[in-house]
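S.K.: Using my numbering, the first residue of the sequence shown is number 3, and each one after it goes up by one. Questions regarding the structure given below will be posed in turn.
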Amino acid sequence: MAGLLSLGARAMFANQAALQTIGQNIANANTPGYSRQSVVLTTSPGQYTGAGFFGKGVDVQTVVRAHNDYLTKEAASSKSTATADATRAEQLSRLEKLFPPGNDGLGFAASQFLNAMVDVTSRPSDPSARQVALGRANELAVRFSNAGQQLADLQAGVVSDLKANVTVVNQLAQQIANINDQISKTKGSGHTPNDLLDQRELLISQLGEHIAVTTLTADDDTVGVFIGGGQRLVLGTQASKLQVENDPYDPQRAVVSLTEGSITRQLDESVLTGGSMTALLQFQNKDLQDGKNLLGQLAAAMGTRVNNQNALGLDLANPPGAGGKIFNVASPRVLPASTNLRVPGGGFANGVAATIVDATQLQASSYKLTSSTAGSYSLTRLSDGLARTVADGDTVDGFRINFTPAPPAAGESYLIEPVGAAAVEMKRVLDDPAGIAAASPVTAATSVNNKGTLTVDSIYAVNGNFNAANAPLTVDFTGPDPAVTGNVLYTITLANGTVLNGSWGPAQPIGNQPAAGIDLGFELRTNGVPRAGDRISVDPTVYTSTNNGNAKAFLNIQAEGFVGRQLLASGAITPGATINDAYAAAMSEVGARVQSANYLSGVSTQVASEAEASRSGQAGVNLDEEASRLMQYQQGYQAAAKVLQTAQSLFDELMRIASR
C-alpha cells in the first residue's frame with residue numbers, strides 16, 4: 003500500500019513541477035531574453051524483490067533551459083553590427099542636409115553673388131548695383147558660416163551621444179559583474195541558475211548594441227567580456243569603466259578610454275567593430291571631418307579668389323585704391339598634441355605654423371605632422387594616407403609650414419587643418435559699396451589709324467605679376483605669323499622701353515602668356531582681326547567710375563577651375579574644378595556615403611533579424627506547444643491523483659476489513 007501511495011505522490015509532484023515550469027514559460031512568452039525551460043524527469047531506481055524489480059516512480063532531476071551558445075552569440079554579434087550601421091546611416095543623413103541641392107545650396111549662392119556683378123559691370127558707378135552685390139556676398143558667407151556652425155553642432159551632438167553611451171555601458175558592465183558573482187555562488191549545486199543566465203545573456207546583448215564585445219566562459223561559470231581586440235571590460239566579478247576624454251589634438255572632439263584600476267588606455271576605433279559608439283567615433287573622425295574639410299575647401303578657395311580679384315582692381319575711393327577684402331578667410335589651424343613638450347608656464351616649448359600660399363591648391367583634408375627623430379619630419383595627408391618628408395619653410399598642397407618658436411622635438415606631433423575653420427569663420431568684411439573694385443587699373447584703346455577690324459573687348463589684371471609701372475604701353479601688330487597659320491605677330495613696348503614679342507590668334511588674350519615669355523599680369527581680350535600696323539594703347543585708368551574692366555573679371559570666376567588643383571611631382575598643375583562643380587562633387591561624395599550606409603544598414607538589420615529568429619526558434623516560447631504540453635501534464639497529474647485515490651480506497655477497505 004505504501005509503495006502505491008509513494009508512486010502516486012512522486013507522479014503528482016513530477017507533473018506539478020512540469021506544470022509549474024510550463025506556466026513560467028507562458029508567463030514569460032514575451033519577456034526579452036527569456037529562454038524556454040523544461041523539467042528533466044528520470045525514473046527512480048527499481049526495488050528488488052523475490053518477484054523481480056518493482057519501480058519506485060519518477061524523480062525530478064533538474065530544470066533546464068533551451069539554449070544554443072552559437073546562435074546566442076551570433077544574434078548578439080549581428081545586432082551589434084546592425085546598430086552600428088543604423089547609427090552611422092542616421093548621422094550621415096544629418097550631414098547630408100548641410101549639402102542641399104538647388105536654390106538652397108552653396109553653389110547657387112556663389113552663382114548669385116557672381117551674377118550680381120553683371121549689374122555692376124553695366125553700371126559700375128551705381129551704388130544700388132554695388133549694394134546688391136554686397137548683399138549676395140553676405141548671403142554666400144552666411145550660408146557657409148551656418149553650415150560650418152551646424153557641423154560644430156553635429157560634433158557636439160556626437161560627444162553628447164558618446165557620453166550617454168558610456169554611462170549605459172558602465173551600468174551594464176557592472177550588472178554583468180554582479181550577476182557573475184551570483185552565478186559563481188551556485189557553482190557545485192548541480193543545477194544551472196536559468197533565470198540568471200538569461201539575464202546575463204540579455205545584458206551582454208544590450209551591451210553589444212553600444213560596443214562590440216567578445217565573451218569567454220570561465221571554470222566558475224562567470225563570463226569575461228572583452229572589447230577592442232581583447233581589452234577586458236568585465237572579468238569575473240570586476241568591471242572596468244569607460245570614459246569620454248578630449249581628443250589629444252582637438253578638445254572639441256572626443257575619444258573613448260578604458261580605465262582599469264589606475265591605468266587608462268585610449269580605445270583605437272580601428273579595433274572596434276560594432277555598436278553605436280563605434281559608429282559615432284567613425285562618423286566623428288572620418289565623415290564629419292571630411293564634411294568640414296569639403297566645406298572649408300570651398301570657402302577658402304572662393305573667398306581667396308574673390309579677394310584676390312578685388313585687390314587687382316580700383317575702387318571708387320578718392321583717390322582710387324586697390325580693392326580690399328570682401329570675405330574673411332580663416333587661417334589654417336595647427337593643433338599640437340597634448341603630450342608635446344611644455345615650458346614651465348604651461349605653454350608649448352615648440353610649435354608649427356601654417357600659412358595659405360595658394361588657395362587653389364588647398365585639398366579637402368587634414369594633415370598630421372610627426373617627428374620620429376630630431377630634425378626628421380613627416381607630413382601625412384589623412385584623406386588618402388599620402389606621406390612625405392618636409393622641412394621648415396616647405397609648401398605642401400597650397401600651404402607653407404614654418405617651425406616656430408622652435409622645431410618640433412622627437413616624438414611630438416601636430417594636427418594641421420588648412421581649411422578646417424574656413425567655413426564657420428567665413429563672413430563678409432566689406433561693408434562699403436564703393437569698396438568693390440569694379441575698375442581695371444589699366445584701360446585699352448585702339449588707334450584711330452588702324453585698318454583692321456580689331457576692337458577691345460576687355461582688359462583686367464589677373465595675377466600679382468601686374469605692375470602699374472609698365473603702363474603706358476603699346477601693342478603693335480606687325481604681320482602674319484609664318485609659323486602658325488591664322489596668327490598675327492605683335493610686339494609689346496613697355497613704359498621703360500622693354501620690348502616683348504608674341505603671336506596672337508583668335509580668342510587669345512594678350513599680356514598673359516607665360517609659355518611665350520609674356521607674363522605681365524593682365525589679359526587684353528579683343529574682337530575682330532588686326533592688320534599689320536594696327537596698334538592698341540594701354541594706359542593707367544583715370545576715370546574709375548565709368549570703368550568696368552575688373553567687374554568683367556569677376557564674371558569669369560564662375561567658369562574658372564580654381565578649386566582643388568594639385569601640383570604634381572613633374573611640376574605640372576592639374577586642372578581644378580569650378581565652384582559649382584566642386585560643390586556638386588561634395589554633394590555626390592556625401593550622398594554616396596548616405597546611400598551606402600543605408601544599404602548596409604538594411605542588410606545588417608535583415609541579418610540581425612534572421613539571427614534573432616533562429617535563436618528564438620530554439621530558445622523562445624511557442625504558446626501552441628506550451629498549451630499542448632500543459633494538457634499533457636494536466637492529464638498526467640490527474641492520472642497520478644487517481645493512483646493516490648485508488649491507494650486511499652484500498653487503504654480504507656483494508657482498515658474496514660481489519661476492524662471487523
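Even glycine gets a Cβ: it sits at the ideal position worked out from N, Cα and C. Bear in mind the structure is a predicted one, so any value in this text is a computation, not a measurement.
#1: Would you call the CB atoms of Val-360 and Gly-395 closer than 9 Å?
#2: Have a look at Ala-411, Gly-413, Gln-152 and Glu-525 and flag the residue whose alpha-carbon is nearest the alpha-carbon of Ala-446.
#3: Quick check on the DSSP output: the beta strand (DSSP E) that includes Tyr-36 runs from which residue to which?
#4: Tell me the residue span of the beta strand (DSSP E) that contains Pro-253.
#5: To which residues does DSSP link Gly-159 through a beta bridge?
#6: With 16 other CB atoms within 10 Å as the buried threshold, where does Asn-529 fall?
#7: When DSSP labels each residue in this structure, what does Val-421 get in the three-state scheme?
#8: Can you list, in chain order, the stretches of the beta strand (DSSP E) that have 3 or more residues and sit fully within the segment 502 to 550?
#9: Check this for me: beta carbons of Pro-410 and Pro-542, under 9 Å apart or not?
#10: With DSSP collapsed to three states, give me the class of Asn-624.
#11: Measure the CB-CB distance between Arg-335 and Glu-262 and report whether it falls below 9 Å.
#12: Please state the DSSP three-state secondary structure of Phe-564.
#13: How about Gly-437 and Gly-325: are their beta carbons less than 9 Å apart?
#14: If I measure Cβ to Cβ from Val-464 and keep anything under 8 Å in the same chain, skipping five residues before and after, which residues do I get?
#15: Taking the alpha carbon of Gln-634 as the point to measure from, which residue in Gly-10, Leu-9, Arg-96 and Asn-17 has its own alpha carbon closest?
#16: Starting from the C-beta of Val-544, find all residues in its chain whose C-beta is less than 8 Å away, skip the five residues before and the five after it, and write them out in chain order.
#17: Give the secondary structure of Phe-350 by DSSP, where H, G and I count as helix, E and B as strand, and everything else as coil.
#18: Where does the unbroken beta strand (DSSP E) through Ile-373 begin, and where does it stop?
#19: Report the CB separation of Met-589 from Phe-110 in whole angstroms; it is logged as a contact under 8 Å.
#20: Per DSSP, what kind of secondary structure is Arg-145 in: helix, strand or coil?
#21: What alpha helix (DSSP H) runs, 4 residues minimum, are completely inside the segment 60 to 125?
#22: State the DSSP-derived secondary structure class of Phe-468, mapped to helix, strand or coil.
#23: Can you tell me whether DSSP reads Asp-183 as helix, strand or coil?
#24: Report the CB separation of Arg-595 from Gly-578 in whole angstroms; it is logged as a contact under 8 Å.
#25: Give the straight-line distance between the Cα atoms of Asp-183 and Leu-204, rounded to the nearest whole angstrom.
#26: Please report the straight-line C-alpha distance between Asp-270 and Pro-129, rounded to a whole angstrom.
#27: Which full runs of the alpha helix (DSSP H) of 4+ residues lie inside the segment 177 to 253, going along the chain?
#28: Please state the DSSP three-state secondary structure of Asn-552.
#29: For the alpha helix (DSSP H) that contains Gln-291, what are its first and last residues?
#30: Residue range of the beta strand (DSSP E) that Leu-388 falls in?
#31: Mapping the DSSP letters down to three states, classify Glu-427 as helix, strand or coil.
#32: Out of Gly-5, Thr-64, Ile-403 and Ala-355, which has the shortest C-alpha to C-alpha gap to Tyr-50?
#33: My output table needs one value for Ile-328: the three-state DSSP class, helix, strand or coil.
M.R.: In this structure, then:
#1: The identity of residue 360 in the sequence shown is Asp, whereas the question assumes Val. In this structure, Gly-395 does not lie closer than 9 Å to Asp-360 by Cβ.
#2: The shortest Cα separation from Ala-446 among Ala-411, Gly-413, Gln-152 and Glu-525 belongs to Glu-525.
#3: From DSSP, Tyr-36 is part of no beta strand (DSSP E); its letter is neither H nor E.
#4: Note, Pro-253: premise wrong, no beta strand (DSSP E); not H, not E.
#5: Note: Gly-159 sits in no beta bridge, so no partner.
#6: Around the beta carbon of Asn-529, fewer than 16 other beta carbons sit within 10 angstroms, so the residue counts as exposed.
#7: coil
#8: 512 to 515, 520 to 529 and 537 to 542
#9: When the beta-carbon positions are compared, Pro-410 and Pro-542 stay at least 9 Å from each other.
#10: Reduced to three states, the DSSP call for Asn-624 is coil.
#11: no
#12: Of the three classes helix, strand and coil, the one that applies to Phe-564 here is coil, per DSSP.
#13: Yes, they are a contact pair.
#14: Leu-314, Asn-514, Gly-523, Phe-524, Glu-525 and Ala-555
#15: Asn-17
#16: Closer than 8 Å at Cβ, skipping near neighbours: Thr-445.
#17: Correct three-state label for Phe-350: strand.
#18: It should be pointed out that residue 373 corresponds to Ser in this sequence rather than to Ile. Where Ser-373 is concerned, the enclosing beta strand (DSSP E) stretches over 369 to 375.
#19: With 8 Å as the limit, Met-589 and Phe-110 do not qualify as a contact, their Cβ atoms being about 12 Å apart.
#20: helix
#21: 71 to 98 and 108 to 124
#22: In the structure shown, Phe-468 sits in coil (DSSP, three-state: anything other than H, G, I, E or B).
#23: Correct three-state label for Asp-183: helix.
#24: Cβ atoms of Arg-595 and Gly-578 stay farther apart than 8 Å, at about 23 Å.
#25: 16 Å
#26: 58 Å
#27: 196 to 210
#28: Helix, per DSSP.
#29: 291 to 313
#30: 388 to 392
#31: coil
#32: By alpha-carbon distance to Tyr-50, the top candidate from Gly-5, Thr-64, Ile-403 and Ala-355 is Gly-5.
#33: coil
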